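Engineer: In the working numbering, the protein residues as written are 1 to 112. Backbone N, C-alpha and C define an ideal beta-carbon position, used for all residues, glycine too. Every value quoted in this text rests on a predicted model; they were computed, and no experiment measured them.
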Amino acid sequence: MPKTALVLNGCGAKGAFQLMAEKYARAKKGYTWDIIAGVSVGALNGVLLAMGKHERLEQIWRELTPARVFGRKPGFWTYSKLLFGAKSIYSRGPLWRLIDREIDPDEVQIPI
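#1: Specify the secondary structure class of VAL7 as computed by DSSP and reduced to three states.
#2: By the DSSP assignment, the beta strand (DSSP E) with ILE89 in it spans what residues?
#3: Could you check whether VAL41 and GLY75 sit closer than 8 Å to each other, using their CB atoms as the reference points?
#4: Looking only at its chain, what residues have a beta carbon closer than 8 Å to the beta carbon of GLU102, apart from the 5 residues adjacent to it on each side?
#5: Let me make sure I understand the geometry here. Which of THR78, MET20, LYS29 has the alpha-carbon closest to that of ARG62?
This is the structure in structure tokens:
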């Protein structure tokens, strides 16, 4: 029997577009997904879709700001750390907290 897969690419803000395109395909065209695959932001969207959290995912995208992903804007001292070997000026902490708060592997309903 044929299976239908949803494949989501990466690229940051495209994730919001992915969500709305998936919503249209599901609600207006009647698509259902047997498998969901994604990379980068597509993986984050994909796992929440596989958990059946469509409305929560839309809410996350509507409320998302750069500060909620990267933390506060870097200041002079943050930039000066680059001179002494820092690898980045932003922290992954806020994004990791979002992932920890929203994703529960035990709730995944579709293979990813």
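Structural biologist: Checking against the coordinates, here is how it stands:
#1: As a working mapping, residue 7 is identified with position 7 in the sequence shown. Strand at VAL7.
#2: Here the question's residue 89 lines up with position 89 in the sequence shown. Per DSSP, ILE89 belongs to no beta strand (DSSP E) and is neither H nor E.
#3: One-based indexing of the sequence shown puts residue 75 at position 75. One-based indexing of the sequence shown puts residue 41 at position 41. No; because the gap between Cβ atoms is not below 8 Å, this pair is not in contact.
#4: Here residue 102 refers to the residue found at position 102 when the sequence shown is read from its first residue. The answer, listed in chain order, is LEU48, LYS53, ARG56, ILE60.
#5: Taking the first residue of the sequence shown as 1, we reach residue 62 at position 62. Considering only alpha carbons, the answer is MET20.
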